[in-house]
Each structure stands twice: as C-alpha cells, then as structure tokens.
Amino acid sequence: MSQPCVSSIIGTGSYMPEKVLTNDDLSKIVDTSDEWITTRTGIKERRIAADDQATSDLASEAARRAMANAGVTAEEIDLIVCATVTPDMFFPSTACIVQRKIGAGRAVCFDISAACSGFVYALQVARHFLNAGTRQTALVIGAEKLSSLVNWQDRNTCVLFGDGAGAVVIRATDAADAPGRVLSTVMGSDGNLVDLLKVPGGGSACPVTPQNIDQRLNTVHMEGRETFKHAVTRMSAAAEEALKLAGLTKDDISLVIPHQANARIITAIADRLGLPEEKTFMNLHKYGNTSAATIPVALDEAHHEGRLKPGDVVLLVAFGGGFTWAASVLRW
Ligand code: UT7
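Going by this note's numbering, the sequence shown opens with residue 187, and the numbers climb by one from there.
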C-alpha cells in the first residue's frame, strides 16, 4: 500500500462481567431507591467485575472478540491504545498488560487518560498513526473497573457506575470509500473545571495514606448538577462541529452513539440536535456509566443488533472528567 489515508473500523467486540447489581440491590447498601435511580438516570442495573478480574482482563476479552469479528490475528496488531481511568496499576500501562494477555507481540502499546471521552480520544490518536502510515492495524480499547474507584457509601455516585470493556480493530487503507471509515473528529478539554469530576487521592498530589483512605479521597467525587449542564452543552456542540467538519448535517445521521452517563443527558442532546429517539442508541439501563467503555460497548451492541447498515452515518459523542469532550463521525 503506497499512501494510506483512511482509517477503517473492521471489527468490534465487547465484554461485560457476569455479576449484575440491580437498583434494588443498591437500595440495601445506601439510602436510595429503584424509583430515584430510574427517573433521575435511566439506569436499572450495572455489571460488577469479579475480585480477580482486573481492567486488563475485561479489555483482553473485548479485544479478542473484536479481533475475531475483524478476522485478524494478534500477530497482525501493531498498535494497542487503551483508554481507561482504572488501569490495573500506575505502570506498566494496561495496554502492555493486554498485549501480553492476547499475545500481540508486535504492537506498540500505551494508555490514554481522558476519562469518559477516552475511547474517542484513543480512536483519534490511533487514527493519526494509521493515516500517517507508521502503523497498519490497531486495537483501540475502552475498559474500566469503576467498581474499584467507587465510594459504596456515597449514594450520589455509587448508583451511577459499572464495569465493562469494548474494543475495535481499525486498519489503514488507501480505499477512500472503505466501510467503517472515520470521516471527522473534534476534541476539546477544559482543565479549569478539573474539580467538578475527579478522584482526588491516590496520585502524587495526594498519595495513599491511611488518613486519605479514611476520607475516601481515593474514590470518585462529582458535582453532578454542574457536570450535567456542561455535558449537554459540550456534547451537543461537539456533535454539530464534527458533522460540519464531515460536510454533513443532522439529517444525514443514521444513529448517534453517545456516552452513556444519564438518559436525561442523552435526551437533551437528541432534542438539541432535533433527532428522534430511534436514532439514539441507549444501553445504560443495563450497564450504567462505564466511562471509556460506554461508546465501544454500545457500538459493538449496535453492530450485532443489525442497527448499523452499510453506508450509515454514525455519530459518536463523549464527555468526561477534565473536562474532556469529543465527537467522531463514521461512515459504516
Ligand atoms: O460520565 C461523565 C459525565 N457524568 C455525567 O454527565 C453525570 C452528570 N450528572 C448527573 O447525571 C446527575 O446530576 C445525577 C444523576 C448525578 C444527579 O441527578 P440530579 O437530578 O442532578 O440530582 P441532584 O444531585 O441535584 O440531587 C437531588 C436530590 C438531592 O437531595 P436534596 O438535596 O434535594 O434533598 C440528593 O441528595 O437527590 C438526592 N440524591 C439521591 N436520592 C436518592 C442523590 N443521589 C441519590 C440517590 N438516591 N442515589
């Protein structure tokens, strides 16, 4: 191939842990109810990884399924980018651990930290390698074990999150009309708002000490209402910008796959874009918010449910801690 210029998604995969934690289960742990969680978020249940399952285990299974779906072997993978805020450990990267688990010995591996926008960020980073011709076949993964970061005594946050992983295989091609190609991507960040959504403890600013752990500083802290407002504004604007960059309009959209944080956020974005409900993919009732995993898991489900037809325009749009946001337009 002389001049690769397009990155094309050639396979999708996902893995959700078996254990289901329902809203009723949670109401036995904290002062909450199925009624509150359902009406305020749309979430009914979430998956929780087993004690002996790390993020890399979820990621590796999603990666194997994506490779099988794409019909590629681990030896063909020459880049692994893993988006996660729940890495197995500070270092080495979860991507390197996945490399060992799946046997992708030729790959260059690293992680991306962009919270819930991580998968779309990772897709764009991998795409740059492929479009430049320096790598040929990449695994892009979004994987989280958020149950390890949640304060199970805080009803404001513990009802929202879950564990899971999704992955895609992307390949460089010189066929300008290749199916699954990324048409456009926009990304943004606002570090002035870091304090609205964060895990304050456990890093170099606030290392692990018994006192910090007593105060639960090593768990997710979120200003929910503020985060909600920014999520709606930024995701709507990013979606419009990505469409414009692709030379398309909202009328061209076949399916929006938004970050799955709250059904009310997704409905608000669909309203702003003027899109009917059936063009918006939602699976958060089953899984809650799995951060970087929501979009690749949803993409894989949409793919297997036959909701992506050849030629369809698919819009991915994400928002997360940082704040960070990103949107990508795909031609399926
Ligand atoms: O993934 C990254 C992006 N994340 C997001 O985009 C999440 C954005 N935020 C949200 O989705 C929503 O803000 C939440 C679901 C987190 C909260 O919903 P809300 O409608 O904004 O509720 P609130 O935080 O304003 O709380 C309303 C009330 C409070 O009680 P008071 O102060 O009005 O008496 C809370 O204490 O609901 C109470 N509350 C709960 N009650 C029962 C908060 N959590 C719960 C709970 N069960 N789990």
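Built from N, CA and C at the ideal position, the CB exists for glycine as well.
Can you grab the Cα-Cα spacing for the pair A391 / L383, in whole Å?
16 Å
Put M373 into one of helix, strand or coil per three-state DSSP.
strand
What residue ranges within the region 425-464 form continuous alpha helix (DSSP H) runs of no fewer than 4 residues, ordered along the chain?
Listed in chain order, the complete alpha helix (DSSP H) runs (minimum 4 residues) inside the region 425-464 are 449-459.
In chain order, what residues of the same chain have a beta carbon less than 7 Å from the beta carbon of T323, not counting five sequence neighbours either side?
V258, E262, I263, D264, V355 and R357
CB of R380 to nearest heavy atom of the ligand UT7: below 6 Å?
A small fix is needed here, since residue 380 is Val in this sequence, not Arg. Incorrect: V380 has no Cβ contact closer than 6 Å to the ligand UT7.
E491: first and last residue of the uninterrupted alpha helix (DSSP H) it sits in:
Run containing E491: none; DSSP gives neither H nor E here.
With a threshold of 16 other CB atoms inside 10 Å of the CB of E330, please say whether the residue is buried or exposed.
buried
Using a threshold of 7 Å, state whether the C-beta atoms of S194 and T320 are closer than that.
no
Whose C-alpha, out of A256, G387, C344 and L325, is nearest the C-alpha of D211?
C344
Cut-off 7 Å between Cβ atoms - residues of its own chain near K436, not counting five sequence neighbours on either side:
L429, L459, G460 and L461
For Y307, which beta-bridge partners are listed by DSSP?
Answer by DSSP bridge pairing: none, since Y307 is not bridged.
Give a single yes or no on whether G508 has its beta carbon closer than 6 Å to a heavy atom of the ligand UT7.
no
Can you look up I263 in the DSSP assignment and give me helix, strand or coil?
coil
The ligand UT7 and W222: does any heavy atom of the ligand fall closer than 6 Å to the residue's C-beta?
yes
Between the region 268-284 and the region 220-235, are three or more C-beta pairs nearer than 8 Å?
As far as the Cβ criterion goes, the region 268-284 does not touch the region 220-235, which means the pair count is below three.
Run the proximity test for C282: is its beta-carbon closer than 6 Å to any non-hydrogen atom belonging to the ligand UT7?
No, since every heavy atom of the ligand UT7 falls outside the 6 Å radius drawn around the Cβ of C282.
Let's test the definition: count the other Cβ atoms within 10 Å of the Cβ of R250 and tell me whether it reaches 16, buried, or not, exposed.
Under this definition R250 is a buried residue.
Taking the alpha-carbon positions, what's the V394 to G388 distance?
Computed Cα separation, rounded: 5 Å.
Measuring from the CB of A417, is there a heavy atom of the ligand UT7 at a distance below 6 Å?
yes
Can we say the region 471-488 touches the region 361-368, given the rule of at least three CB pairs closer than 8 Å?
no
Whole angstroms is fine: what's the gap from L431's alpha carbon to G304's?
Each residue's alpha carbon lies about 21 Å from the other.
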